[in-house]
Amino acid sequence: MDDRIQKVRNIGISAHIDSGKTTLTERILYYTDRIHAIHDVKGKDGVGATMDAMELERERGITIASAATYCEWKGHQINIIDTPGHVDFTIEVERALRVLDGAVLVLCAVGGVQSQSMTVDQQMKRYNVPCIAFINKCDRSGADPDRVIAQLKKKLGHNAVTMQIPIGLEADFEGIIDLVTMKAIYFDGPNGEIIRTEDIPEAYMDTAQAQREALIDSASMFSDDLMEAALEEQVTEELLIAAVRNGALARELTPVFIGSAYKNKGVQPLLDAVSHYLPCPADVVNHALDMEKDEATMVLETNPDMPVVALAFKLEDGPFGQLTYIRVYQGTLAKGTAVINVRDGKKIKIGRLVRMHADQMEDIDQIRAGYIGTLFGIDCASGDTFVSPGLSVTMTSMFVPNPVISLAITPANNSSLVKMSKALNRFTKEDPTFRTYVNNETRETIVEGMGELHLEVYVERMRREYDVELSTSAPRVSYRETITRKADFDYIHKKQTGGSGQFGRVGGYMEPSPDEDFIFENNVTGGAIPTQFIPACEKGFKACLAKGPKMEFSVTGIKIVISDGASHSVDSSDMAFQAAARGAFLQAYAKAAPVIHEPIMRVVVETPTEFQGVVMGSLNQRRGMIVGTQEDGPLCAIEAQIPLAEMFGYTTVLRSLTQGQAQFTMEFAVYRKVPQSVAEELIKKREDNKRQVA
Ligand SMILES: Nc1nc2c(ncn2[C@@H]2O[C@H](COP(=O)(O)OP(=O)(O)OP(=O)(O)O)[C@@H](O)[C@H]2O)c(=O)[nH]1
Ligand SMILES: [Mg+2]
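Residue numbering for the sequence shown follows my numbering, starting at 5 and increasing by one per position.
Spelled out as structure tokens, the structure:
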């Protein structure tokens, strides 16, 4: 095995929005000499932080896309992916944690464990990623690291272990006490780059010793040597570090560190902790599925000399074609290496290889097992596996959550339409949680995503990067219309002026058909309507279904039975009977008491129990029908049936009602008659529109 791999760390920086991930990464890059000046998110100098390279990110002061970089710290090569905290960009966290070996979970010393902290924690669990916690913003008023550690234990169920205690807090936050070395550490110099180590101030000694005892107790669960040394009071730093490392790698202990990235305090010890307590690629057992053995799970080896197995986890369309971020699990990718894309069987030859530093690229010769890099100009999808020819294994891709919100987008003109579809092609390829389709009924182009911000960002990028002129609106609900009682028809279509005449008579009835969208039954006897014209009758009736006479919504749940008719030997034709059928449809439809149906969604809200009441209230306000609730510890799931029309924008409402701690899923359930008041509103709106157009 390649010993260098022991000194590699592939880590993600993940947390709730605004916890300071990008600010922290900026300091890491500064202390590792990757950058020579610190710029802050939304900083006064207007430059912006390195990892928030996208224009929109700098303007809004949020991270939208995960960004990769790497640095060296005390002989360790640390590959970092800074991920976004906003729930709408959750796919960026999924794809990063799918390929990374370890993570830093950042928590705000004031906000503590917040909604996305929980989601990120779930994602780390899903990919079995060991993590260390960094309680940031200890300089803020209200900072309380102890409360945050208690929340880590209570809300996330972590075996959280204090590794450092603060010297002062809030405005008085001046340094930290390291419980492993039992030293006080201060961060001097204009950017905290000068580490000053001192003895622990007297005032903190008791607390430090008590906390160190607790640390030794917790850590000795993961090392018999430490257990023994503790009994003999012979605890060394090496023993303690090794024990904590065992616990962290097993995801049974979470070492907790503190600091203030913004105030340049605590970052360098955190970098030491990344080396001490997070795994190197060879510490992680990676699995693939053996396609020759019925997808049996097999273990991959972090060995650069073995056949290649690699996973594409992020795509980016660049000025020079597609950039594919890839993690190599086994073997080595170098210029000219031939590999197969397992999904489509295509053979490709590796071209240019680069290593990313935010949006900058540095050429490299190869990507060895255990490393992350970027391929140039390879056409593939997120989640594709690449292998050496002859190998038939595949890797599981990342989890892709379903979109929860949709928007209709309308290009202003043809050239915008062309540019828009180009942009949509690219964005939907890069981001599997961003989807688009054309609604067959409303002919609208619909985009779907994880939240209002998600869609807003793509709309803005279409405007800026593709110069698309477009307008957006809530998608139109696909209402339906149907009939509620039986009605007869007997309609003659006759046209005998100018050109060949037309004649056809159709008699029968229509009635509601609750289980089928459309049923056509021919009960004509005695050739009242010649057999060859029966299909024309059906066609005529069907033609009326697309736009119902009442509201121009599509008509469903209707059965049509023809039982009588008449024809003319010369004037009857397909056309004539289609027209007769259309006339018959309109004749009966008005008498059949048509009503409007709306799509009803099955909505399941998962929320902490404390918000159950407000959530149920918000669902009732939306003409919701609560079907049931289920409690599961601190969480509960509320199931309801809600009209789709009432659900637009609910994502944002729910997040504000529950401080972002609830989420919901929604799927189509059934079509149901709209209440009278809603029907009147729809009719009025349609008349208003008509008047405006007229
Ligand atoms: N007081 C204080 N503010 C901080 C600290 N770290 C970051 N901030 C501020 O918090 C805000 C958010 O910082 P970011 O680094 O963008 O946070 P983030 O976690 O990357 O945010 P997203 O990527 O959008 O999820 C910025 O205004 C920072 O200046 C800190 O230690 N103390
Ligand atoms: Mg950020």
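Even glycine gets a Cβ: it sits at the ideal position worked out from N, Cα and C.
In this structure, Val609 lies near Ala666, with their beta-carbon atoms less than 7 Å apart. Following the DSSP letters along the chain, one finds Glu242 inside the alpha helix (DSSP H) bounded by residues 241-253.
Selection Met225, Glu174, Lys353 evaluated against Asn163 yields Met225 as nearest (Cα-Cα). Cβ-Cβ distances below 7 Å link Glu76 to Thr36 in the same chain, with the five nearest sequence neighbours on each side left out; the list follows chain order.
In chain order, Thr123, Pro405, Met454 place their CB closer than 7 Å to the CB of Thr94, counting only its own chain and leaving out the 5 sequence neighbours on each side. For Thr26, the distance from the CB to the nearest heavy atom of ligand 2 is below 6 Å. Nearest to Gln582 by alpha-carbon distance, out of Ile82, Glu202, Lys546, Val442, is Lys546.
Closer than 6 Å to some heavy atom of ligand 1: that describes the Cβ of Arg144. Rounded to the nearest angstrom, the gap between the Cα atoms of Glu63 and Val91 is 19 Å. Below 8 Å, too few C-beta pairs join the segment 32-47 and the segment 329-338 to call them touching: fewer than three. Gly664 has its CB no nearer than 6 Å to any heavy atom of ligand 1. Relative to ligand 2, Thr123 has its C-beta separated by 6 Å or more from all heavy atoms.
For Ala113, the closest C-alpha among the options Arg484, Val103, Asn140, Val312 is that of Asn140.
Here Ile9 carries a helix assignment [DSSP, helix/strand/coil]. Cβ-Cβ separation between Arg586 and Cys640: approximately 53 Å, too far for a contact (criterion under 8 Å). Taking the Cα positions, Glu473 is about 54 Å away from Thr166. Annotation for Met231: the continuous alpha helix (DSSP H) segment containing it runs 228-235. Judged by the Cβ position, Thr67 qualifies as a neighbour of ligand 2 at the 6 Å threshold, a heavy atom of the ligand being closer than this. The count of Cβ pairs closer than 8 Å, one atom from the segment 253-266 and one from the segment 351-368, stays below three, leaving the stretches out of contact.
For Ser119, the shortest separation between its Cβ and any heavy atom of ligand 1 does not lie below 6 Å.
The bridge partners DSSP lists for Asn83 are Asn14, Tyr74. Straight-line measurement puts the Cα of Ala286 at about 25 Å from the Cα of Lys297.
Annotation for Lys141 indicates a beta carbon within 6 Å of some heavy atom of ligand 1. In this chain, the alpha helix (DSSP H) harbouring Gly617 covers 616-625.
The Cβ-Cβ distance between Tyr495 and Val565 does not fall below 7 Å. The continuous beta strand (DSSP E) containing Val599 extends over residues 599-612. A distance criterion of 6 Å places the beta-carbon of Val313 beyond contact range of ligand 1, judged by its closest non-hydrogen atom. Note on geometry: alpha-carbon atoms of Gly561 and Arg659 lie some 37 Å from one another. Checking the 6 Å criterion, the Cβ of Asp192 is out of range of every heavy atom belonging to ligand 1. Taking the Cα of Leu28 as reference, the smallest distance to any Cα among Ala580, Ile630, Asp86, Val657 is reached at Asp86. Secondary structure at Arg144: coil, using DSSP grouped into helix, strand and coil.
In the three-state reduction of the DSSP assignment, Ser482 falls in the coil class, being assigned neither a helical nor a strand state. Here Asp192 is bridged, per DSSP, to Ile198. For Asp294, the three-state secondary structure derived from DSSP is strand. For Phe545, the enclosing alpha helix (DSSP H) covers residues 538-547.
Cys284 is bridged by DSSP to nothing; it lacks a bridge partner.
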